[in-house]
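Below is one structure, written out as structure tokens, with a few remarks after it.
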Amino acid sequence: MPSSTLLPTGLIPLLIVLLSRQACSRFPGPLFVEPYMENITAVKGTDVLFTCRVANLGRNMVAFLRADDPPRLIAYDEKVFRQRHKYEVHPRVNNDHWVLKIKNVHERDIGGYMCQVNTEPMIVQVGYLTLQVPPQVDRNTASAVEVREGHNVTLACNAFGNPTPTVIWRRQDRGNMKIDGATGYGVSVSNGSELTLTKVSRLQMTEYVCVASNGILPDESWTVKLHITFPPTVTPQAVQVSAANGGFAILACNADAWPRPQFHWEKDGRTLPHIRSKYESHEEVGDSYGSVAKLKVSQLGYEDFGTYACVATNEQGSHSAVIDLVESIASDNRLPAVVLAEGSGDDNDLLAEPSEGEDDEDDEDSERRVIVDARTMRPPQISNEIAADEGVGHPVVDDSITRTNVLPSKDESSAAVSQRLLMNRAIIPLLLPALTLLYALSSSSSLQLNMRP
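Per mature numbering (1 follows the signal peptide of the UniProt record, and there is no 0), the sequence shown runs over residues -25 to -1, 1 to 428.
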């Protein structure tokens, strides 16, 4: 009967350890294989994939964690434990690949991600996510800046992104920017997040645009409206306006000012009353700092003619311009002129001395006509006509001059009266030579009648 050999009790644990080591040498444990988990730079808003390759996994399991402090478990084996709308896990792709998908990456997703195998001790590899972030202008950037004319101002535009964006400034209208005073040099584009304008004038009052770019589309722009404050400057569209009594008149003035001014109208130093049937005013907005004020005066009477003032006021000051409203003059009240219809027709012929060789005596066979008329600018007509009933020549005077009203009528205004008096004063010297000639012709005709047999 064969005998059995009994091992000492102390040798049994040692044998187990040796057998385990032999088994491990025959079946190696899990390990990471190339290509290892890589760092990823992604564009904001896209999806990214972290791939972890593990050989000899056996019964071990793979987990993905966020490399925070402390680490946060995302998925274990095939199960996602947090933010299922954000993460997906694709296990055992090609038998040894585990893939973590992160959807719609944003700045909060930037950081490290760990692939961990639950061996003893654990084995871990880490990949880092960075983003290419398109430029974005800080939403605290001012959209409007106000400065007084003649002062300096700095416009700021802070932008962030990855890579760090560059910033340029330009005018909205693509014009030049005066960056060295009102008389200094101008540029169409200025580099840098700040734009400094010195000794600004109202001509620089416009919109300025900062554009941030870093090579990741889209670029972002931000518009800043620059308001330059200054007191009003008022100019009349016409210094004098004429209108007929009983009609209406429209007075208008232009004003440059910022802030936009308040308007009111005055007459002879007093603010016009609010009578809608009499006065109607309104304003029109022009360019960036220009305005137009208009006043319509209806049912004009004598008391409405005079000096009006267009007054514009803002917090920087006040300014006004005056407009004279006068009564229009009728077209038949023009100053008269003297014209000799016979001969050359030169107006001065009536007063000219006769040239040498000319006969000063009246020729009864010749026709003489002198025309003077205040309305048509001609003297009255005088002609020799043979009276059929008497057979003698009688001077006939045209009565047009007697129809000319040289005295003011009771219906005329004071302005028309003044104009007519001035006209009469001008007519009298011009009529004297004609009246003298008329008297001479009349005397000559009477003498001829007395001498007839």
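Yeah, the Cβ is synthetic: ideal placement off N, Cα and C, and Gly gets one too.
As the structure is a prediction and not an experimental result, all values here were calculated from the model.
Assigned secondary structure, residue i (DSSP; H/G/I helix, E/B strand, else coil)
i	result
residue 111	strand
residue 43	coil
residue 195	strand
residue 208	strand
residue 201	strand
residue 274	coil
residue 279	helix
residue 149	coil
residue 91	strand
residue 124	coil
residue 411	helix
residue 245	strand
residue 58	coil
residue 84	helix
residue 304	coil
Spatial neighbours of residue i in its chain, beta-carbon cut-off 8 angstroms, leaving aside the 5 residues before and after
i	result
residue 86	41, 42, 43, 103, 104
residue 328	Only weak support is given to the placement of residue 328: the predicted model assigns it a pLDDT of 41, under 50, and the value that follows is read from those uncertain coordinates. There are no such residues.
residue 468	Any question about residue 468 goes unanswered here, given that the chain covers just -25 to 428.
residue 168	131, 132, 133, 134, 142, 185
Sequence-distant residues of its chain with Cβ nearer than 7 angstroms to residue i (five each side left out)
i	result
residue 411	none
residue 248	none
residue 243	281, 282
residue 234	204, 289, 290
Per-residue burial, residue i [other beta carbons within 10 Å of its own, 16 or more giving buried]
i	result
residue 179	buried
residue 278	exposed
residue 170	buried
residue 261	exposed
residue 380	Note that residue 380 has pLDDT 49, beneath the 50 cutoff, so the model's placement of it is unreliable and no number is given.
residue 56	exposed
residue 213	exposed
residue 284	buried
residue 302	buried
residue 250	exposed
residue 83	exposed
residue 130	buried
residue 145	buried
residue 225	exposed
residue 3	exposed
residue 330	Interpretation of residue 330 is limited by its pLDDT of 43, a score under 50 that renders its predicted location unreliable; the figure taken from the coordinates is listed afterwards. Under this definition residue 330 is an exposed residue.
residue 219	exposed
residue 252	exposed
residue 115	exposed
residue 68	exposed
residue 152	buried
residue -2	Bear in mind that the predicted position of residue -2 carries a pLDDT of just 45, short of 50, making it unreliable; the figure below should be weighed with that in mind. Exposed: under 16 other Cβ atoms inside 10 Å.
residue 162	exposed
residue 349	Low local confidence applies: a pLDDT of 35 at residue 349 is under 50, so the model's placement there is unreliable, with the coordinate-based value given in what follows. Answer is buried; the Cβ neighbour count reaches 16.
residue 79	exposed
Any C-beta of chain C under 8 angstroms from that of residue i
i	result
residue 32	Given the protein chain composition of this structure (a single chain), no chain C is represented.
Proximity of residue i and residue j at Cβ, strictly below 8 angstroms
i	j	result
residue 12	residue 90	yes
residue 206	residue 292	yes
residue 39	residue 64	yes
residue 6	residue 35	no
residue 137	residue 106	yes
residue 286	residue 239	yes
residue 72	residue 28	yes
residue 429	residue 112	Residue 429 lies beyond the stretch modelled for the chain, which goes from -25 to 428, so this question has no answer here.
residue 117	residue 199	yes
residue 143	residue 164	yes
residue 24	residue 49	no
residue 223	residue 270	no
residue 110	residue 17	no
residue 183	residue 215	no
residue 201	residue 120	yes
residue 62	residue 177	no
residue 294	residue 209	yes
Spatial neighbours of residue i in its chain, beta-carbon cut-off 6 angstroms, leaving aside the 5 residues before and after
i	result
residue 14	102, 103
residue 236	207, 230, 287, 288, 289
residue 46	40
residue 99	89, 91
residue 255	271
residue 51	38
residue 211	228, 296, 298
Beta bridge counterpart(s) of residue i as assigned by DSSP
i	result
residue 15	104
residue 287	238, 294
residue 257	269
residue 7	29
residue 71	The partner list for residue 71 (beta bridge, DSSP) is empty, contrary to what the question assumes.
residue 35	Note: residue 35 sits in no beta bridge, so no partner.
residue 430	Because the chain is modelled from -25 through 428, residue 430 falls outside the range shown and cannot be assessed.
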